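Using our numbering, you'd call the opening residue of the sequence shown number 13 and step up by one each time.
Okay, structure first, notes after.
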Amino acid sequence: MTATLPTDDLRGIARAGSISLVGSGASAVLGFLLVVQVSRGLGAAGAGAFSVVVAVAMTLAVAGRFGTDTALVRMAPRLRALGRTRDIGAAAVAALAPVFAGTTLLAVIAWWAAPHLVGVVFEHPAPPAAVWLIRIAVATVPLGATGFVALSLTRGLGSVVPLTVVESIAKPTLRCAFVAAALAIAHWKWPGATAGPVIWTTVAWAVPTLIGGVWSAVLAYRALKPVWAEPPVPPSDEAGVAATWRELWQFATPRAAASACEIAGMHAGIVLVSALAGVADAGVYNAALRLALAGTLALQALRLAIAPTLARLLTVGDLAGVEHLHRTASVWITVVSFPLYLVFVAWPGEVLRLFGPGFSAGAVALAILAGATLVNLATGPVSTLLLMSGRSTLTLAVTLTSLSGSVALAAALIPHFGVTGAALAKGAAVVGENIAVTVIVRRTVGVRTLSRPLWLAAAGGAGCFVVPVVLFDVVNGHAAPDFGAAAVLVPLGTVAYLGLLWRWRRTLALAELAEALPRKFRRTAATPEESP
């Protein structure tokens with residue numbers, strides 16, 4: 013092994029991660045706002061129908077990427093490290109052309125099969141205009157999938173800005189604006205109706221996906237111009253193109269199946285709750301699930317930032333750098349993300365009341381999902397590490413096992429426990445999958461992903477946010493916590509947590525993370541010996 017990752021590289025990753033984090037934060041806030049808009053505008057049943065068709069469309073879009081998004085993120089820095097920069101253009105064509113053709117065919121089939129899909133994804137009787145809800149949603153699949161793959165190319169070429177702007181900011185902003193207008197118009201034109209508002213809300217959600225797809229293609233074309241200007245290197249162009257296509261699809265094929273399993277696992281609970289318990293319960297579960305996903309901001313941001321660097325380090329054999337990078341990223345993720353999920357565990361009912369009447373019934377489900385997500389956060393971007401090592405087949409095996417177990421558990425538990433059963437199934441799958449991948453990375457790649465600073469950060473968060481709630485519960489005779497208690501305990505826990513972070517700032521490598529802040533904030537946060 014060579015020396016550990018240079019500090020400048022860590023700071024660059026922290027900056028890229030901070031950009032992604034800003035985008036992820038905006039996306040989470042806007043996604044939360046969209047769920048609130050839809051929940052309040054359509055009610056639990058209407059929101060459930062909307063969430064089901066969106067889940068179907070997103071499942072098809074992710075499946076339709078055929079794993080090429082991750083393949084391009086891995087191949088672009090890898091080809092540069094090997095001196096084959098010009099082959100990046102061939103890799104882009106090898107990914108984008110089949111994705112657009114394949115997803116167009118997929119959308120046509122789904123459009124034709126919509127009357128048959130209604131009975132699969134909705135309980136009987138189906139919501140009004142269910143066929144057209146499905147057709148509107150699946151029409152977004154070609155541009156949605158191809159646009160995301162195009163942005164993955166720009167990410168592999170070293171910039172997270174296009175992906176952040178288009179996927180995390182522009183599309184969610186347009187969706188909120190369009191949905192607000194659609195709900196206002198629909199309720200004005202069809203007061204008291206159910207079909208009209210849901211249809212127009214689905215149209216309003218779909219339009220930004222089409223706009224984003226075209227925009228993404230333009231950004232990818234601009235990013236490829238310098239690549240095409242590179243002189244060719246041996247072997248000949250024809251042989252190089254063939255080798256590039258073969259290399260991309262050898263990685264992408266198992267990754268495609270794993271991606272389909274991942275998105276199916278994400279939305280299978282919603283579909284199963286809708287089919288086995290009703291669309292109202294599906295709306296409640298969707299709210300809890302969205303909250304559980306919305307807080308993984310730091311994890312998603314750093315996954316985006318470190319993947320190309322991991323691919324480069326693994327290509328040149330720098331396992332020490334890989335281990336240092338992954339451990340540092342895991343600590344940062346834990347520091348930033350744990351407090352929110354600990355609050356979700358402690359105050360699930362109070363949080364869900366923000367969605368309106370009836371949603372607090374998912375309190376136990378939210379607590380379970382939040383607890384499972386804490387495990388996901390603590391293991392860090394371990395799945396990204398495994399993928400960047402080229403082991404997409406192993407990833408497929410783990411993901412397929414996780415999905416099978418989750419669906420089987422959900423089918424068994426939902427009829428008896430409703431949304432809580434769906435959360436138990438999802439939580440078990442998340443915990444099992446992360447533990448399995450961590451063990452596989454240690455044994456196959458040779459990288460140890462867990463560290464003492466990670467456990468220190470996790471324990472500090474638990475002590476500041478969970479222990480006070482337990483003490484409150486004991487002192488008050490197991491009385492249910494309320495907004496008043498939360499308004500006191502959460503701020504106090506936050507102050508204590510920030511104090512611990514300051515005390516452990518060097519152990520947790522927070523100096524490099526602070527370098528990602530704007531200069532005026534870095535001056536304020538600098539320690540005396542670090543000040544200019």
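Backbone N, C-alpha and C define an ideal beta-carbon position, used for all residues, glycine too.
Predicted model only: the values in this text are computed from it and were never measured.
Taking all protein chains in view, the Cβ of W124 is surrounded by fewer than 16 other Cβ atoms within 10 Å, so the residue is classified as exposed. For secondary structure counted as the beta strand (DSSP E) over 3 or more consecutive residues, the region 312-377 holds no complete run. With contact defined as three or more Cβ pairs closer than 8 Å, the region 44-61 and the region 266-280 are not in contact. In the three-state scheme derived from DSSP, where H, G and I count as helix and E and B as strand, W516 is classed as coil. Straight through space, the alpha carbons of S180 and A38 are spaced by roughly 7 Å. At a Cβ-Cβ threshold of 8 Å, V210 and L145 count as neighbours. Distance from A437 to L425 at the Cβ level is roughly 6 Å; contact confirmed, criterion being Cβ atoms closer than 8 Å. The region 334-342 and the region 370-377 do not touch, with fewer than 3 CB-CB distances between them shorter than 8 Å. Counting only residues of its own chain and dropping the five nearest sequence neighbours on each side, N388 has a CB closer than 6 Å to the CB of V442, N446. Counted as a single uninterrupted DSSP element, the alpha helix (DSSP H) harbouring P154 occupies residues 153-168. Of R365, H128, A229, F62, the smallest CA-CA separation from P174 is found for A229. Cβ contact annotation for S463 (same chain, cutoff 8 Å, sequence separation greater than five): R339, S342, V343, in chain order. Two segments are said to touch when three or more pairs of C-beta atoms, one from each, lie closer than 8 Å; by this definition the region 395-406 does not touch the region 344-362. The residues A69, L72, A73, G76, T115, L118, A119, in chain order, have a CB closer than 7 Å to that of V153 in the same chain once the five nearest residues on each side in sequence are set aside. Across the set G444, A435, A104, the C-alpha of A104 shows the shortest separation from the C-alpha of L231. L316 is a Cβ neighbour of S32, given a cutoff of 8 Å. Secondary structure note for G475: its alpha helix (DSSP H) is the uninterrupted segment 464-477. Apart from sequence neighbours up to five positions away, the residues of its chain that approach L504 with a beta-carbon distance below 8 Å are P480, ordered along the chain. In the displayed model, A198 falls within a helix according to three-state DSSP. Of the residues assessed, L303 falls on the buried side of the cut-off, its CB having 16 or more other CB atoms within 10 angstroms. Straight through space, the alpha carbons of V150 and I121 are spaced by roughly 10 Å. R460 sits in coil when the DSSP states are folded into three classes, being neither helix nor strand. A499 is positioned such that its CB atom lies no closer than 8 Å to that of C476. In this structure, V334 lies near L397, with their beta-carbon atoms less than 8 Å apart.
A direct Cα-Cα distance of roughly 9 Å separates V357 from V376. The beta carbon of L366 sits closer than 8 Å to the beta carbons of V48 from its chain, once the five residues preceding and following it are set aside; these are given in chain order. Going by beta carbons, R267 and T506 fall outside the 8 Å limit. Under the 8 Å Cβ criterion, the region 54-67 counts as touching the region 283-301, having at least three qualifying pairs. Closest in alpha carbon position to A287, among A384, G159, S30, G430, is G430. Exclusion of the five residues before and after P465 leaves V343, T519, L520 as the residues of its chain whose Cβ lies within less than 6 Å of its Cβ. In terms of CA proximity to F263, A106 leads the group A162, G374, L311, A106. In the three-state reduction of the DSSP assignment, P89 falls in the helix class.
In this structure, DSSP gives S63 a helical state, which the three-state scheme calls helix. Counting of Cβ neighbours within 10 angstroms places K183 among the buried residues, the total reaching 16 or more.
Between I282 and A67, the CB-CB gap stays under 8 Å. For G114, the enclosing alpha helix (DSSP H) starts and ends at 99-124.
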